[in-house]
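Chains as they are written, first to last, in the numbering used here: chain F, 19 to 350; chain X, 19 to 350; chain Y, 19 to 350. Have a look at the structure below before the remarks.
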Amino acid sequence: MNRFLDLADFERAQIKDLLGLAARLQQHPQPNALAGKVLGLLFLNPSLRTLASFQSAMMRLGGTSVVITPGQGTWQMETRLGAIMDGAAAEHVREAVPVLASYCDVMGIRMFAEGRDLAADLAETQFKMMADLCDKPLVNMESAASHPCQALADWHTMDELNVPERGKFVLTWVNHPRALPLAVPSSAVHMAAMRGMEVVVLRPEGFELPQQVMEKAERAARESGGSVRETTDRNEALAGAHVVYAKEWGSPRHYGDDEAEARLRQNLGDWCVTDSWFRTTDPNCRFMHCLPARRNVAVADEVLDGPRSVVVREAYNRMVVQMAVLYRLLRG
Amino acid sequence: MNRFLDLADFERAQIKDLLGLAARLQQHPQPNALAGKVLGLLFLNPSLRTLASFQSAMMRLGGTSVVITPGQGTWQMETRLGAIMDGAAAEHVREAVPVLASYCDVMGIRMFAEGRDLAADLAETQFKMMADLCDKPLVNMESAASHPCQALADWHTMDELNVPERGKFVLTWVNHPRALPLAVPSSAVHMAAMRGMEVVVLRPEGFELPQQVMEKAERAARESGGSVRETTDRNEALAGAHVVYAKEWGSPRHYGDDEAEARLRQNLGDWCVTDSWFRTTDPNCRFMHCLPARRNVAVADEVLDGPRSVVVREAYNRMVVQMAVLYRLLRG
Amino acid sequence: MNRFLDLADFERAQIKDLLGLAARLQQHPQPNALAGKVLGLLFLNPSLRTLASFQSAMMRLGGTSVVITPGQGTWQMETRLGAIMDGAAAEHVREAVPVLASYCDVMGIRMFAEGRDLAADLAETQFKMMADLCDKPLVNMESAASHPCQALADWHTMDELNVPERGKFVLTWVNHPRALPLAVPSSAVHMAAMRGMEVVVLRPEGFELPQQVMEKAERAARESGGSVRETTDRNEALAGAHVVYAKEWGSPRHYGDDEAEARLRQNLGDWCVTDSWFRTTDPNCRFMHCLPARRNVAVADEVLDGPRSVVVREAYNRMVVQMAVLYRLLRG
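Here's what the structure looks like:
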């Protein structure tokens with residue numbers, strides 16, 4: 019394994035194997051496994067869990083990290099090919115990425131969607147350009163259309179909590195003050211489908227996930243024996259659910275058009291998960307969210323502070339699964 | 019010891035024991051004592067000494083640190099309970115603190131006073147809320163009303179310099195362009211009283227320390243055999259002083275009212291410590307300040323650059339005593 | 019060796035010896051050589067290579083680093099002596115530097131030219147003040163007039179690539195949206211002269227390097243058997259060149275006068291290195307630049323992306339030579 023960019027790049031058995039390694043490292047720490055190894059972390063977007071969990075994962079395996087955040091003590095960076103760089107950006111990623119890679123044994127890059135051209139974002143145009151510049155093992159710390167470490171942590175969390183592999187996984191759109199990227203919802207549906215679950219995407223009109231995203235999840239479901247479908251019917255979706263996975267995302271229909279997006283969202287204030295959403299779910303239904311979460315906009319205090327919420331465990335498992343990813347990338 | 023939040027939470031003998039451990043670690047380094055341990059540092063306010071000394075303390079014991087600074091590469095954070103999070107803050111501390119704690123073996127949190135409601139700040143409403151969210155050993159890196167690591171470092175500094183335990187400790191208010199919190203002056207008078215010193219708080223009219231702060235110090239003085247009093251009489255205060263400890267703080271009388279505060283301060287420009295303040299002190303009188311210090315506003319160059327100043331030693335001792343605190347929290 | 023501030027502080031043989039150590043550490047890693055040692059990094063200006071390469075150099079020798087960036091989680095800093103600090107800066111470097119040094123075994127400081135007074139900048143007034151405040155081994159991470167780590171990395175890069183010691187080294191001025199400091203061009207010409215090369219400074223009228231810079235390089239050339247000259251004649255300069263080293267710098271003639279500088283620069287858009295610059299050079303001529311580089315302003319994509327460019331190798335060698343510098347400073 020030389021790159022960890024998307025769960026879809028691996029067979030289901032390989033992912034299960036990686037989760038097994040994560041569980042073993044959790045139970046039997048290997049505090050010197052990556053001694054002397056250096057992880058370079060390039061953050062083109064903000065982060066808390068990713069920033070802290072990658073560093074702590076390396077530390078717990080005996081390795082170290084260097085963090086670079088353009089604009090925060092480091093030059094602002096240009097990403098456009100062919101740019102005439104007479105503006106604010108002093109450095110191009112075409113230099114920054116190979117230079118940082120040259121100091122490190124493994125790299126992580128975080129680079130959100132540009133949010134202007136849906137096809138380009140779904141094609142990972144930007145992230146692929148970055149990945150091509152890096153000649154070291156590489157981890158996707160969230161790209162335009164994929165957040166594989168989050169997906170892996172969520173899978174591990176469901177395994178830990180004995181959520182049935184054939185259980186009902188409801189990804190529900192929730193409200194947010196502005197349009198957010200598609201990386202997490204895309205990765206979540208694909209992961210749950212790959213796990214073999216009955217995946218239901220619950221969202222209001224206009225927030226359909228792109229066909230490409232659904233088809234990718236469907237392919238995974240066909241192989242695992244799961245299923246994937248979309249609905250606007252909250253009652254149907256939630257009935258019997260084992261997991262309610264809430265996520266904010268922008269309308270693909272109005273991609274890059276903030277005003278049209280906002281108009282579409284203005285009457286959707288009730289897309290905030292409350293305790294009442296769990297009346298007909300499975301009694302043990304869990305509430306999941308990748309965080310950060312807008313309290314009382316996307317999800318009510320009563321849910322986040324209640325017994326169904328496993329959001330802190332999901333976040334903790336970021337560190338756990340990333341230990342496994344880093345271990346595989348550096349030690350095979 | 020599971021938390022280090024305030025010197026008042028400990029017996030005098032326990033603090034003396036901690037200072038003894040600090041001295042031993044200073045003389046006989048234990049570079050692997052905390053190998054494999056991770057310290058999470060959450061800075062809701064700026065810092066230099068705290069940021070550098072906690073990291074270096076961990077490093078010198080073989081441990082490592084993760085630094086999180088909201089708004090600096092990390093999401094801005096909400097602290098109000100029940101907030102409807104439709105503004106700039108993307109993450110609530112109710113998630114951020116337990117998540118960061120889950121990656122770490124010990125945590126430090128810095129969170130200054132809000133500066134609006136004196137009673138709430140003195141009651142440590144905010145910091146207690148944060149502390150309750152953290153299920154790992156915790157260090158107060160400066161809260162609204164307490165800065166125990168600074169107090170411990172100052173105590174250690176006086177011990178090193180043979181400042182008499184019954185010596186005269188003068189905490190003097192000094193000028194500053196704006197109102198600053200009460201954490202350091204509150205902790206300094208309490209610490210000096212706990213050490214057994216003759217504590218004099220010298221300040222202009224309107225800058226009396228809150229009754230609650232004085233009473234806490236008086237209780238410590240009664241147990242240690244020291245004393246605590248306040249005065250506006252600079253001559254009386256400085257006569258025979260063994261330590262002049264300068265600190266800026268806002269008027270408790272006008273708490274949260276910047277304009278009234280500024281009016282009160284406008285004729286107080288001579289509350290800047292100069293060499294002339296030491297004419298009647300003990301000949302060996304030391305000048306102390308927690309830093310950062312506004313040169314030629316709070317204290318003149320001649321004092322900071324002169325032989326009485328021990329401010330750099332105080333800052334160095336932050337690292338020394340924090341090694342002891344971290345050692346106790348992690349190894350008992 | 020207790021300070022690494024400028025190549026001119028050392029004999030040529032000492033630099034060759036340091037480069038030898040760098041090569042040995044590169045071939046035979048010593049992952050525990052600096053175990054337990056702490057490097058303090060004070061960045062008064064932005065950085066990518068310096069920030070990442072110093073940290074990774076320490077890591078690869080078993081040591082650790084603390085990074086302080088004023089204004090980024092840390093107080094803004096005052097540098098003027100005698101300042102009445104009633105403005106934005108909360109802390110003076112007269113405290114900040116000795117405090118940070120007290121936590122560390124070795125320090126690095128980055129502090130660019132002020133860009134107002136050429137004589138003061140060339141005299142390193144500011145950096146010398148900082149260095150005087152530091153009682154630990156110290157590395158210049160770029161000062162007003164010197165960038166010795168870059169110079170050392172460039173020398174190492176030319177050695178690796180078998181660029182002849184008597185080869186022709188052309189430092190060429192290139193365009194930039196604003197006036198940049200003289201540290202890198204000054205260090206580059208001095209380094210190449212010290213290496214024994216035929217050094218040609220190619221620049222438009224008005225961008226002559228200061229006499230003091232040229233004389234320093236000439237002294238080094240006299241000792242090494244090299245030579246140094248300036249020209250505006252691009253054809254003459256480039257003919258037979260073994261290295262084209264591009265760098266942006268502000269007009270010393272209009273130092274601190276941005277408008278006059280900009281007028282002088284407005285017709286100099288063709289001072290952007292393209293493939294055509296290499297028609298008459300040595301066939302193996304290399305393109306060097308310290309980075310960050312403004313693509314298609316200072317240098318064309320075709321050059322940076324072409325086979326002549328060794329900019330990433332130069333950046334990588336920052337880490338390599340800094341390992342040697344840190345090793346010497348801490349282990350002798």
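The C-beta atom is built at its ideal place from N, Cα and C for all residues, glycine as well. The structure presented is a predicted model; accordingly, all values stated were derived computationally and were not measured.
Check whether the Cβ of Q48/Y lies closer than 8 Å to any Cβ atom in chain X.
Contact with chain X is absent for Q48/Y, since none of that chain's Cβ atoms lies less than 8 Å from the residue's Cβ.
With 16 other CB atoms within 10 Å as the buried threshold, where does N193/Y fall?
When all chains shown are included, N193/Y counts as buried.
Is it the case that the Cβ atoms of V157/Y and C167/Y are separated by a distance below 8 Å?
Annotated as proximal: V157/Y and C167/Y, with beta-carbon spacing under 8 Å.
Taking only beta carbons into account, state which residues of the segment 90-111 of chain X come closer than 7 Å to chain Y, listed in chain order.
When C-beta distances to chain Y are compared with 7 Å, the residues of the segment 90-111 of chain X below that value are Q90, in chain order.
Should the segment 71-80 of chain F be called in touch with the segment 109-119 of chain F, which here means at least 3 C-beta pairs below 8 Å?
Segment contact: the segment 71-80 of chain F against the segment 109-119 of chain F, fewer than three CB-CB distances shorter than 8 Å; contact not assigned.
Just to confirm the assignment: which complete beta strand (DSSP E) runs, minimum length 3, are found wholly within the segment 229-281 of chain X?
245-249 and 261-265, all fully within the segment 229-281 of chain X.
Who are the neighbours of S120/F on chain Y, taking C-beta pairs under 7 Å?
Correct list: V330, A333 and Y334.
I'd like to know if V117/Y contacts chain X, where contact means its C-beta is closer than 8 Å to some C-beta of that chain.
V117/Y counts as touching chain X.
Assign N314/X to one of three DSSP states: helix, strand, or coil.
The answer is coil: DSSP assigns N314/X none of H, G, I, E or B.
Chain-order list of residues whose beta-carbon lies under 7 Å from that of K234/F (same chain, five-residue window excluded)
Within the same chain, K234/F has close Cβ partners A26 and H208.
What residues in its chain sit with their C-beta under 6 Å from that of V217/X, if we drop five residues either side in the sequence?
Around V217/X: F187, V207, A210, A211 and V246.
Using 8 Å as the threshold, is the segment 61-72 of chain F in touch with the segment 114-124 of chain X, meaning 3 or more CB pairs across them?
Verdict: yes, contact present.
For D351/X and E277/X, I'd like the C-alpha separation in whole angstroms.
Not covered by the structure: residue 351/X. The range shown for chain X is 19 to 350.
Taking G287/X as the reference, give the member of R297/X, N302/X, H307/X and A316/X with the closest Cα.
When each option's Cα is compared against that of G287/X, the closest is A316/X.
From F130/F, V124/F and N302/F, residue whose alpha carbon lies closest to that of G185/F
Taking each of F130/F, V124/F and N302/F in turn and checking the Cα distance to G185/F, the smallest one comes out for N302/F.
Check whether the Cβ of A114/X lies closer than 8 Å to any Cβ atom in chain F.
So, interface residue.
Report the residue ranges of all alpha helix (DSSP H) runs contained in full by the segment 126-155 of chain X; include only those spanning at least 4 residues, in chain order.
Counting only runs of at least 4 residues, the segment 126-155 of chain X fully encloses the following alpha helix (DSSP H) elements, listed from N- to C-terminal order: 136-140 and 143-150.
Of all the residues that make up the segment 160-180 of chain X, which are near chain Y by a beta-carbon distance shorter than 7 Å?
For the segment 160-180 of chain X, the set of residues with a beta-carbon nearer than 7 Å to any beta-carbon of chain Y is empty.
Just checking: is the beta-carbon of A70/X within a distance shorter than 8 Å of some beta-carbon in chain Y?
Under the 8 Å criterion on CB atoms, A70/X is classed as interfacial with respect to chain Y.
Run of the alpha helix (DSSP H) containing I33/F, from where it starts to where it stops:
For I33/F, the uninterrupted alpha helix (DSSP H) run begins and ends at R30 to Q45, by DSSP.
Is there a Cβ from chain X that is less than 8 Å from the Cβ of V315/F?
Interface criterion met: the Cβ of V315/F is under 8 Å from a Cβ in chain X.
Check P88/Y in the structure and name its three-state DSSP category.
DSSP places P88/Y within a strand segment (E or B) once states are collapsed to three.
Report, in whole angstroms, the separation of the C-beta atoms of L347/Y and N20/Y, which I expect to be a contact under 8 Å.
About 7 Å separates the two Cβ atoms, so the contact holds.
Helix, strand or coil, according to DSSP, for W191/F in the structure here?
Three-state DSSP puts W191/F in a strand.
Is the CB of T82/Y under 8 Å away from at least one CB in chain X?
Using a Cβ-Cβ cut-off of 8 Å, T82/Y counts as an interface residue toward chain X, since at least one Cβ of chain X sits closer than that to its own.
The beta strand (DSSP E) with M306/Y in it runs from where to where?
That run of the beta strand (DSSP E) goes R304 to M306.
Spatial neighbours of Q73/Y within its chain, please: CB distance less than 6 Å, with the 5 preceding and 5 following residues excluded, ordered by chain position.
Take Q73/Y, set aside five residues on each side of it, and the residues of its chain with a beta-carbon closer than 6 Å to its own are S83, in chain order.
Strictly by DSSP, which residues pair up with T82/F?
Bridge partners of T82/F: V56/F.
So V291/F is in the beta strand (DSSP E); what residue range does that whole segment cover?
Here V291/F belongs to no beta strand (DSSP E), and DSSP marks it neither H nor E.
Distance CB(D300/X)-CB(E320/X) smaller than 8 Å:
Contact: no.
Where DSSP assigns a beta bridge to N50/F, which residues make up the other side?
Answer is none; N50/F lacks a bridge partner.
Limits of the alpha helix (DSSP H) - the one that L347/X falls within
L347/X -> alpha helix (DSSP H) spans V329 to R349.
At least one CB of chain Y closer than 8 Å to the CB of L39/X: is that the case?
Judged by the 8 Å Cβ criterion, L39/X is not in contact with chain Y.
Just to confirm, are L62/X and P88/X a CB contact at a threshold of 8 Å?
At the C-beta level, L62/X and P88/X come within 8 Å of one another.
Return the chain-ordered list of same chain residues with a C-beta closer than 8 Å to the C-beta of G258/F, the five sequence neighbours on each side being excluded.
Within the same chain, G258/F has close Cβ partners K186, T298, T299 and D300.
Can you check the segment 155-220 of chain F for any beta strand (DSSP E) of at least 3 residues that lies completely inside it and give the ranges in chain order?
DSSP runs (the beta strand (DSSP E)) wholly in the segment 155-220 of chain F: 156-158, 186-191 and 216-220.
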